[in-house]
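Peer 1: With positions in the sequence shown counted from 1, the corresponding number in our numbering is that position plus 1.
Don't be surprised by glycine CBs; every beta carbon is placed ideally from N, CA and C.
This one's a predicted model, so the numbers in the text were calculated from it and none came from an experiment.
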Amino acid sequence: MSEAPAVPRTASADRVPQKDIGLLLRPPRPRAGWRLLPARVGAMCAVELQKLRHDRTELYTRAVQPALWLLIFGQTFTRIKAIPTEGIPYIDYLAPGIIAQSAMFIAIFYGIQIIWERDAGILNKLLVTPTPRSALITGKAFAAGVKSLIQAIVVVVIAAILGVALTWNPLKLLGVAAAVILGSAFFSCLSMTIAGIVLSRDRLMGFGQAITMPLFFGSNALYPVSVMPGWLQAVSKVNPLSYQVDALRGLLLGTHAHLAADFGVLLVAAALGIAAASSLLGRLAR
2 MSEAPAVPRT ASADRVPQKD IGLLLRPPRP RAGWRLLPAR VGAMCAVELQ KLRHDRTELY
62 TRAVQPALWL LIFGQTFTRI KAIPTEGIPY IDYLAPGIIA QSAMFIAIFY GIQIIWERDA
122 GILNKLLVTP TPRSALITGK AFAAGVKSLI QAIVVVVIAA ILGVALTWNP LKLLGVAAAV
182 ILGSAFFSCL SMTIAGIVLS RDRLMGFGQA ITMPLFFGSN ALYPVSVMPG WLQAVSKVNP
242 LSYQVDALRG LLLGTHAHLA ADFGVLLVAA ALGIAAASSL LGRLAR
């Protein structure tokens, strides 16, 4: 008696490559080396910016103050002509300073958000991930920079409507964007560093309000350094906002500026701010 023919083995119509089968048996290797930090920074920055899709009220309300500075303070002092501005209208001289001011005011209270994340339990969840603390801080810092850049665009549009003679050179505008992002990164890290020290939103609000106006008036945003008293000139030389304003004024108006020194100071300040905030992040999460 003959045997029944063997049943042929079933095979999938789609041939699975051997390397894809390997992914089912073992997880893919995580990014390592130089690729890890940029990937985590980009992810954190994207998460922070997603919040703008749900609530854009902050961007609209923060546009009011720089508009008032340009409309009232700028146009009034242009008529008075009491401040030496190297032969350019005062409102033109003021516009880069207001861009830097509005960016600083957004970034300087960024520590409130990280305290809120601590209270909501989000920060502890982030810290147990493989993401380095420096990547967490850097992502938040550059997210603050992008928010400030959006604010700067609003101020530039208002200044253009008021007749301020700004440059539209694409390369110079890229330099303006870099100066805004670097300055905002430093001030947001300064805020997160203070948050790591005071550990309270109320205390952080008090410290933020105490240092914003001295930083603003102790810079060259409203008047040249040459008209300041000696002690205030010394404060201006160690104030990162002065270097940011100098870079913005040189790029947007074409005035004499020390761009290499300005960007060097902003880069060093941002790096030191990231290091300081990262070192205190664990204390904030306790």
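1. I138 to P241, Cα distance in whole Å?
2. Does DSSP put P29 in a helix, in a strand, or in coil?
3. Between the alpha carbons of G98 and H259, how many angstroms are there, rounded?
4. In chain order, which beta strand (DSSP E) runs of at least 3 residues are fully inside the stretch 90 to 172?
5. Taking I195 as the reference, give the member of G209, A136 and I107 with the closest Cα.
6. Which stretch, first to last residue, makes up the alpha helix (DSSP H) that contains M214?
7. Give the C-beta separation of A153 and D93 to the nearest angstrom, bearing in mind that I take them to be a contact with Cβ-Cβ under 8 Å.
8. Please go through the same chain and pick out, in chain order, the residues whose beta-carbon is closer than 6 Å to the beta-carbon of M193, but skip the five residues on each side of it.
9. Given A96, which residues of its chain have a CB within under 6 Å of its CB, disregarding the five upstream and five downstream residues?
10. Does DSSP put L337 in a helix, a strand or coil?
11. Count the CB pairs spanning the stretch 246 to 257 and the stretch 167 to 176 that are closer than 8 Å, and state whether there are at least three.
12. Could you round the C-beta distance between A145 and S189 to whole angstroms and report it? I think they count as a contact, below 8 Å.
13. Buried or exposed for D263, please, with buried defined as at least 16 other CB atoms from any protein chain shown within 10 angstroms of its CB.
14. So the alpha helix (DSSP H) K82 belongs to, where does it begin and stop?
15. Within 10 Å of its beta-carbon, does A211 have 16 or more other beta-carbons around it, so buried, or fewer, so exposed?
16. Is the beta carbon of I100 less than 9 Å from the beta carbon of V158?
17. Which whole-angstrom value is the C-beta distance of L1 and R63, which I expect to be below 8 Å?
18. Please report how far the alpha carbon of W232 lies from the alpha carbon of L127, in whole angstroms.
19. Let me confirm a value: M2 is counted as buried when at least 16 other C-beta atoms fall within 10 Å, else exposed. Which label applies?
20. Among S201, Y244 and T213, whose alpha-carbon lies nearest the alpha-carbon of V221?
21. So, using beta-carbon positions, are P67 and V147 closer together than 9 Å?
22. Rounding to the nearest angstrom, what Cα-Cα distance links T77 and I162 in this structure?
23. Just to confirm, is the Cβ distance from L273 to G197 under 9 Å?
24. Quick check: I109 and L183, are their CB atoms within less than 9 Å of each other?
Peer 2: From the atom records:
1. 19 Å
2. Interpretation of P29 is limited by its pLDDT of 49, a score under 50 that renders its predicted location unreliable; the figure taken from the coordinates is listed afterwards. Coil.
3. 16 Å
4. none
5. G209
6. R202 to F218
7. Incorrect: roughly 16 Å between the Cβ atoms, too far for contact.
8. G112, I115 and A278
9. A160 and V165
10. The displayed coordinates of the chain run from 2 to 287. Any statement about residue 337 would go beyond what the structure contains.
11. yes
12. 4 Å
13. buried
14. Where K82 is concerned, there is no enclosing alpha helix (DSSP H), given that its DSSP letter is neither H nor E.
15. exposed
16. no
17. Since the displayed the chain opens at 2 and closes at 287, residue 1 lies outside it and no answer follows.
18. 43 Å
19. In this predicted model, M2 has a pLDDT of only 49, less than 50, meaning its place in the structure is not dependable enough to derive any value.
20. Before going further, note that residue 221 is Asn rather than Val in the sequence given. Measuring from the Cα of N221, the nearest candidate turns out to be Y244.
21. no
22. 17 Å
23. no
24. no
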